[in-house]
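Asker: Every letter in the sequence shown is one number past the one before it in numbering that gives the first Met the number 0, and letter 79, counting from 1, is 78.
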Amino acid sequence: MDTEKTYTLADLKVWDYSGTALAVIGQPIKHSLSPIMHNAAIEQLAQSDPKYKEWAYFRFEIDPKDLPDALELFYQKRFLGLNLTVPHKVMAIDFLKVISDSSRAIGAVNTLKWTASGYEGFNTDGYGMSKGIEQELGKSLNGSDVLILGAGGAARAAVVECLSQNAASIRILNRSKDRLDAMLSSLSDLKGFECILPIQAKEDLSNLPETGICINATSLGLNEKDPLPLDVTFLTPQWSVYDMVYNPQETQLCIEAEKLGCAVKTGLGMLVHQGAKALEIWTEQTIDAQIMHNAGEKALNNQVNQ
Ligand code: NDP
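Here you go:
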């Protein structure tokens, strides 16, 4: 079967791949790097264990209205693992019987594993983010003052990860107050919630600590002409900036923060590590994230040159 093709619900209905199938599902999905990254890691696994020669990772474009039927079919067709991306991460939670504690707290899943009693849901985004920050910025969330931009699904994963890593403080800035309030109320039972400081006014930004980690979890930066998600002059050069956006590989936020002297990184590392963790969940093997990184980076560079 062709792992570069984008499959649909109609293809799923007549699916007859005999090997172990994995897939990412979303809408849009055509430019997802996940198939390339995962198939590179699977190819490496197959070098030491021939059973992985029968494994393959596919991509499916699924409309949100078809998600319940699609999940039922993926389960019947015994897809061992699914990655969920925009816009399915929150919706899918309603169709799962077993969900990891952190996914429940985040309110979203990005990884499903087939079990005899149904798909089990996980969320590996927070893990991916903290690994990306550790390995590519050389910073640890533990004990750090963190400023999170955004209050959507990725921001929620970021906040839950910062809480679990015992960040010193977590400031959150979001455009719409409603979404920020909804996020705060759903996280209010979590341990350490008192270290969350919503940014309500400009003065709150003027009083940022001298050093910290700023994480962009808004969708600003995906398009070249997007405004900045933050006026970077609020940061000192001692701040580091992690932008979850990975395509383009250089975002305006990182460019401007770097001019100030901040250490900066965009989110390919996060994408890679959330994917590697998902593959570990499915295979119960240690995955070489570098192989996935190289494959993802190469694909991004090819997209730019097309
Ligand atoms: P959501 O749609 O759930 O949230 C989007 C967020 O962006 C909201 O906080 C929204 O604010 C904010 N936003 C959107 N447009 C604007 C604007 N014009 N001005 C100010 N704020 C705006 O998306 P996700 O949380 O799923 O994803 C967020 C980003 O993280 C995306 O860029 C995504 O690609 C990236 N991501 C990267 C991953 C990786 O592995 N590197 C993994 C997951 C996500 P408001 O509430 O006001 O609408």
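Even glycine gets a Cβ: it sits at the ideal position worked out from N, Cα and C.
Any heavy atom of the ligand NDP closer than 7 Å to the CB of Asp48?
Answerer: no
Asker: Go to Asn300, then tell me how far its alpha helix (DSSP H) extends in each direction, as first and last residue.
Answerer: Run containing Asn300: Ala288 to Asn304, per the alpha helix (DSSP H) assignment.
Asker: Tell me Trp113's beta-bridge partners as DSSP assigns them.
Answerer: Trp113 is bridged to Tyr118.
Asker: Measuring CB atoms only, is the stretch 127-144 touching the stretch 223-237, in the sense that at least three cross pairs come out at less than 8 Å?
Answerer: no
Asker: Give the straight-line distance between the Cα atoms of Ala104 and Ile92, rounded to the nearest whole angstrom.
Answerer: 11 Å
Asker: Counting only the same chain and skipping the five closest in sequence on each side, list residues whose C-beta sits under 8 Å from that of Phe384.
Answerer: For the chain, the structure presents residues 0 to 305; residue 384 sits outside this window and is missing.
Asker: How about the stretch 1-17 and the stretch 52-66: do they share at least three Cβ pairs that are nearer than 8 Å?
Answerer: Contact holds: three or more Cβ-Cβ distances are below 8 Å.
Asker: At the level of alpha carbons, what is the spacing between Gln284 and Tyr118?
Answerer: 19 Å
Asker: Does the beta-carbon of Ile175 have 16 or more other beta-carbons within 10 angstroms, so that it is buried, or is it exposed?
Answerer: One point to set straight first is that residue 175 is Ser, not Ile, in the sequence displayed. So Ser175 ends up on the exposed side.
Asker: Within the present structure, is the beta-carbon of Leu270 separated from the nearest heavy atom of the ligand NDP by less than 7 Å?
Answerer: yes
Asker: Apply the 10 Å Cβ neighbour rule to Leu196 and answer buried if 16 or more other Cβ atoms are within range, or exposed otherwise.
Answerer: exposed
Asker: Could you have a look at Ser187 and say whether DSSP puts it in helix, strand or coil?
Answerer: coil
Asker: Using a Cβ-Cβ cut-off of 6 Å (strictly less than) and excluding sequence neighbours within five positions of Leu172, which residues of its own chain qualify?
Answerer: Same-chain partners within the cutoff: Leu148 and Ile198.
Asker: Short check: CB of Leu111 to CB of Leu66, under 8 Å?
Answerer: no
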